[in-house]
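Number of protein chains: 2
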Amino acid sequence: MSDAYAEAGVDVPLADRAVSALVGVLKTIDIGRASRSVLASGHYAAVLQVAPNLGIAVGTDGVGSKLIVAEQAGRYDTVGIDCIAMNVNDVICVGAEPIAVLDYIAVEQADPGVLEQIGQGLKKGAEQAGVEIPGGEVAVLPELIRGHPSPNGFDLTAACFGTVALDAIVTGEKRRPGDVVLGLPSSGIHSNGYTLARRALQQDGGFSLDDRPDALGGQSVADVLLEPTVIYVRAALDLMAAGIPIHGMAHITGGGVANLLRLHGEGGWLLDAPLPVPPVFELIAECASVPPAQMYEVFNMGCGFVVVVPPDCEMTALTFLRRRHPGSARIGTVTGHDGRLELPSLGLLGDAGGLVAA
Amino acid sequence: MSDAYAEAGVDVPLADRAVSALVGVLKTIDIGRASRSVLASGHYAAVLQVAPNLGIAVGTDGVGSKLIVAEQAGRYDTVGIDCIAMNVNDVICVGAEPIAVLDYIAVEQADPGVLEQIGQGLKKGAEQAGVEIPGGEVAVLPELIRGHPSPNGFDLTAACFGTVALDAIVTGEKRRPGDVVLGLPSSGIHSNGYTLARRALQQDGGFSLDDRPDALGGQSVADVLLEPTVIYVRAALDLMAAGIPIHGMAHITGGGVANLLRLHGEGGWLLDAPLPVPPVFELIAECASVPPAQMYEVFNMGCGFVVVVPPDCEMTALTFLRRRHPGSARIGTVTGHDGRLELPSLGLLGDAGGLVAA
């Protein structure tokens, strides 16, 4: 995968091997009864049956090294939004309505002011997503958490659960060649790729968090790096409530455009009209000399969420999506080339193995 | 609260203030619809209604600084059991059947061998509890996680959800004076109080992890510190399946015997026949000169889980409990002294403010 990413300190093959070692063991769990899972693994959320036509969709995700930027900038009131976003945007992908999020905050030192700020972000995110936070955990672990500098270190992660009628689960399997692919704008980097983004801007580019490079149009590096992840829940719920047949939804996270390949079912992806790319990505690419193929493998590049609908629903769906997310647009179509990603305007072609210049 | 605990580096009042600051904000979340919560906060798990008579019980907890012992000892295959235990033992307290656990592992470095071992513990725990692990997250955060030494640092936490009929939720409200209090043995320290336990044994006592002090009867310090937390799920489910009216359940975690005060409803606790105290607690008290009141405020002192039943169910309940947990016994009764804790054989008396010598 991305060389730039590896140089930035993320050994993706090693991390993949480690996760495989863990999952390999977890797959052998035998609990003495049939599994309640009704969705093959690898999707954005697991769904477990709890009643005849009711499933609980669950997922867990953290904010990762974006937290270090919050710590360095002394701004703790937005990463809670990211924490909620990363979880609810995953759970909505299977067509579930997110109901509740449980947060876990590990801190080097318990600081009431910092925890209050973190809480403000969680509150904003929860209100945007329409989820409750009925529980959580604060762990004070000075020996385990590393600060920048000490004692300000913290980690923030969460788990989310939602409800979905079993006959309404969205997997991607209903998509057909000719279906339209709708993209919803991201607000910037969201919560993935921060190891590379930070290295590019802070080390290679030599920018401090307070710098306001021309390329960022007046925003500071901290502003851009801490821009909260967009929450797409209400837009997706609008489409479902309107009865629009959704053939697939993808949250564009780490792995960039290849997230589309996580959807179940057959068919490839021709993305002939990508959304505009926010300036921060151009600055990252320039500072760290990252070629386009790698940028699209690591970052969302302006598109944070994707919805697939039949062609005759395109305009109705876009009308709903644009109410919540102006700039939403048709970015491509589903093709018959199973597992293939095509971005002709960028000269990129790829599959699960990665993107290359076509 | 515990002076010994504060000296060991845990500033409980500060941590409490920080949690209050966070919770104060989270309580103001307005999601634009009625809450689905059907249980006042402060219990072991939240319960959210998802169908006319179906609730989802949720909770989240981590393993804490016990993980540092695992890292120092190079034994990673048991803390997964602790991680499952801390979560499922909480969720069962409200009468829910735990269904699934989602793990979150933050590592300083992705090491396939270590993650495989962590997975083996999670598997054992999941099988003991009868829960699936349908998802999880591994975050490689070298800048955020501190090793002992680097790069072996890791954090392990999880969230659990279970199902409960709304008319079968166990809150503690049904308990009455004269009800019997049954104690289930712990395996030792479980997963709370490790800051004090480690300081007492490793610093004050000067023991290395490989030492085998006479007081531990042949076991090494590492053996005792890494003894996995007992999982009480199947025993509790047995009681429920047998139709025994359960008037309260409490997982004895950080806060020790005061965990009983988390149960809803009225009535106090006369614990006139505490379970035998495992040797590790006597060694900790000796090494760090911790008086009994503080020991019972921090540690489970041999009793990891408590079940309250009407007096006429005592023998039937004990028969079931002893099949899974030999040594389970009646440890006391519910009294009419609301909020009071009495341990007469130890000369201790207390309430939510703490324990004192009577």
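Protein chains in written order, with my numbering: chain A, 399 to 756; chain B, 399 to 756.
From the three backbone atoms N, C-alpha and C, an ideal C-beta is built for every residue, glycine too.
All of these numbers come straight from a predicted model, not from anything done at the bench.
Just to confirm my understanding: we take residue i, look at its own chain, exclude 5 residues before and 5 after, and list those with CB closer than 8 Å. What are they?
i             : result
residue 434/A : 446, 447 and 448
residue 574/B : 645, 665, 708 and 732
residue 716/A : 580, 726, 727 and 728
residue 619/A : 599, 600, 605, 606, 607, 608, 609, 610 and 611
residue 641/A : none
residue 750/A : 656, 659 and 737
residue 438/A : 662
residue 436/A : 445, 446, 447, 453, 564 and 567
residue 524/B : 482, 499, 530 and 531
residue 757/B : Since the first and last residues shown for chain B are 399 and 756, residue 757/B lies out of range.
For the alpha helix (DSSP H) holding residue i, just list the boundary residues, first then last.
i             : result
residue 421/A : 410-424
residue 693/A : 690-696
residue 490/B : 477-490
residue 625/B : Residue 625/B -> no alpha helix (DSSP H), and no H or E assigned at all.
residue 470/B : 464-471
residue 594/A : 592-596
On the DSSP letters alone, give me the boundaries of the beta strand (DSSP E) that residue i sits inside.
i             : result
residue 502/B : 495-505
residue 729/A : 727-733
residue 752/A : 752-755
residue 746/B : 746-749
residue 454/B : 452-460
residue 449/A : 444-449
residue 578/B : 578-583
residue 739/B : 739-741
Leaving out five residues on either side along the sequence, give the residues of the same chain with a beta carbon under 7 Å from the beta carbon of residue i.
i             : result
residue 613/A : 677, 680 and 681
residue 698/B : 584, 588, 650 and 654
residue 527/B : 482, 486, 496, 629 and 631
residue 730/B : 579, 667, 668, 669, 670 and 671
residue 720/B : 726
residue 635/B : 495
residue 520/A : 478, 481, 482, 501 and 531
residue 685/A : 598, 599, 602 and 603
residue 591/B : 652, 696 and 697
residue 440/A : 660
residue 544/B : 551
residue 358/A : Absent from the structure is residue 358/A, since the part of chain A shown begins at 399 and ends at 756.
For residue i, I'd like the list of residues in its chain whose CB is within less than 6 Å of its CB, leaving aside the five on either flank, ordered along the chain.
i             : result
residue 412/B : none
residue 522/B : 479
residue 466/B : 546
residue 753/B : 691, 694, 695 and 746
residue 474/A : 468, 512, 515 and 516
residue 571/A : 662 and 663
residue 683/A : 693
residue 557/A : 458 and 500
residue 633/A : 719, 722 and 723
So residue i and residue j are in contact, right, with Cβ under 8 Å, and what is the actual spacing, rounded?
i             : j             : result
residue 586/B : residue 622/B : 6 Å
residue 516/B : residue 554/B : 7 Å
residue 648/A : residue 578/A : No, residue 648/A and residue 578/A are not in contact; Cβ-Cβ is about 14 Å, not under 8 Å.
residue 596/B : residue 743/B : Not confirmed; about 29 Å, so no contact.
residue 667/B : residue 740/B : 7 Å
residue 492/A : residue 477/A : That belief does not hold up - the Cβ atoms of residue 492/A and residue 477/A are roughly 25 Å apart, past 8 Å.
residue 582/A : residue 735/A : Not really, about 24 Å apart at Cβ, beyond 8 Å.
With a floor of 3 residues, list each beta strand (DSSP E) that falls wholly inside the stretch 523-568 of chain B, ordered by position along the chain.
530-538 and 552-562
Taking 8 Å as the cut-off, does the stretch 614-631 of chain A touch the stretch 461-481 of chain A (at least 3 CB pairs, one atom from each stretch)?
yes
Within the stretch 638-714 of chain B, ranges of the beta strand (DSSP E) (whole runs, at least 3 residues):
646-649, 666-668 and 701-707
Cβ contact check for the stretch 596-609 of chain B and the stretch 487-505 of chain B: 3 or more pairs under 8 Å
no
How about the stretch 492-507 of chain B and the stretch 526-546 of chain B: do they share at least three Cβ pairs that are nearer than 8 Å?
yes
If contact is defined by three or more beta carbon pairs under 8 Å, each pair taking one atom from either stretch, is the stretch 448-457 of chain B in contact with the stretch 553-573 of chain B?
yes
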